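Following: one structure in structure tokens, then a few remarks.
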Amino acid sequence: MSFVSARSGQVSDGLELLREGDALVLAGDPARYGKPLRVDFAEGRAAHRRRFGGGRGQLIARACGLASGITPNVIDATAGLGRDAFVLASLGAEILLIERVTAIYALLEDGLARAADDPEAAAIVARMHLAHGDATRELAALVAASPVAPQVIHLDPMFPHREKSALVKKEMRLFRELAGDDDDAPRLLEAALDVATHRVVVKRPRKAPPIQGRAPQHVIEGKTSRYDLYVHRSLKA
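Residue numbers (the numbering used here): 285 to 521.
Encoded structure:
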């Protein structure tokens, strides 16, 4: 599947990047994909989680090692819509977001640019650095070209769900149309283990098996998801 590099235009059969007000959106048939998809770090779900999300007690913060006096740099190698990266940046972490799908990268770039003009979000997104590339093949080079040291690498590879599953919401269906299932997740994990200096953190559905390969040393479990931790060394203040 090919993608446009421009800010708007046809992305794939039935999906298109469009301008909707001041935002770039990815739109398709509403009956199949729901509302147009956009990245918004200043309003909506991101703003709510920033204000009421639970601080460093959140599962992702604990998994990535954010604790009292400890704020590691994090590479989000499967950035997606940037929601996890925004949570970590809102807690003070410096983040590199890597996204390989051109259309999703364009949405992230647009969302970061708009948030930079928002008084509450600007300081947070200033800690978020965006790179376009395939972390499975280019992780070391992408990290080396960034200002973020790879203390922690966060991975959230797409987990294959059946099309009829209740978990396949319209937004996720649209995302999967572009990203597909991450069949190369084992290779991505190995690349992350080679590059991370302290730990690799993998988000999984709670009952899903670990990524094939090396077994995690620790698991932090929530109600619907869990984090598998692969630890090289301890994070220190």
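We put the beta carbon where it would ideally sit given N, CA and C, even for glycine. Note that the coordinates shown come from a computational prediction; the quantities given were computed from them, not determined experimentally.
G366, buried or exposed, once every other Cβ within 10 Å from all chains shown has been counted against 16 = The sequence position of residue 366 within the sequence shown is 82, counting from 1. The C-beta of G366 has 16 or more other C-beta atoms within 10 Å across all chains shown, which makes the residue buried.
Leaving out five residues before and five after K448 in sequence, what residues of the same chain have Cβ atoms less than 8 Å from its Cβ?
-> If you number the sequence shown from 1, residue 448 lands on position 164. With a pLDDT of 47 at K448, under the threshold of 50, the predicted position of this residue should be treated as unreliable, though the coordinate-derived value follows. A distance below 8 Å between beta-carbons, with the five flanking residues on each side excluded, links K448 to no residue of its chain.
By how many angstroms is the C-alpha of A475 removed from the C-alpha of S374?
-> To locate residue 374, count along the sequence shown from 1; it is residue 90. To locate residue 475, count along the sequence shown from 1; it is residue 191. If you draw a straight line from the Cα of S374 to the Cα of A475, it is about 27 Å long.
Return the CA-CA distance between L513 and T362, expressed in angstroms with no decimal places.
-> Within the sequence shown, the letter at position 229 stands for residue 513. Within the sequence shown, the letter at position 78 stands for residue 362. Counting only the Cα atoms, T362 lies some 16 Å from L513.
To which residues does DSSP link H413 through a beta bridge?
-> Numbered from its first residue, the sequence shown carries residue 413 at position 129. Per DSSP, L380.
Can you grab the Cα-Cα spacing for the pair A469 / D440, in whole Å?
-> By 1-based counting over the sequence shown, the position of residue 469 is 185. By 1-based counting over the sequence shown, the position of residue 440 is 156. Cα-Cα distance, rounded: 9 Å.
Residues in its own chain within less than 6 Å of Q261 by CB, not counting five upstream and five downstream?
-> This structure leaves residue 261 out entirely; the chain is present only between 285 and 521.
Is it right to say G341 is buried, meaning 16 or more other beta carbons lie within 10 angstroms of its own, or is it exposed?
-> For the purposes of this step, residue 341 is taken as residue 57 along the sequence shown, with counting starting at 1. Classification of G341: exposed, given that the 10 Å Cβ count is below 16.
Where S518 sits in the DSSP three-state scheme = As a first step, residue 518 must be located in the sequence shown, where it is residue number 234. S518 sits in coil when the DSSP states are folded into three classes, being neither helix nor strand.
For E447, name the three-state secondary structure that DSSP assigns.
-> To locate residue 447, count along the sequence shown from 1; it is residue 163. With a pLDDT of 47 at E447, under the threshold of 50, the predicted position of this residue should be treated as unreliable, though the coordinate-derived value follows. In this structure, E447 counts as coil in the three-state DSSP scheme.
For the beta strand (DSSP E) containing R365, list its first residue and its last residue.
-> As a working mapping, residue 365 is identified with position 81 in the sequence shown. The amino acid at residue 365 is misidentified as Arg; the sequence shows Leu. Taken as a continuous stretch (DSSP letters only), L365 belongs to no beta strand (DSSP E), as it is neither H nor E.
Examine the ligand MG and report whether any of its heavy atoms sits within less than 8 Å of the Cβ of D313.
-> Questions concerning the ligand MG fall outside what the structure shown contains, since it holds no ligand whatsoever.
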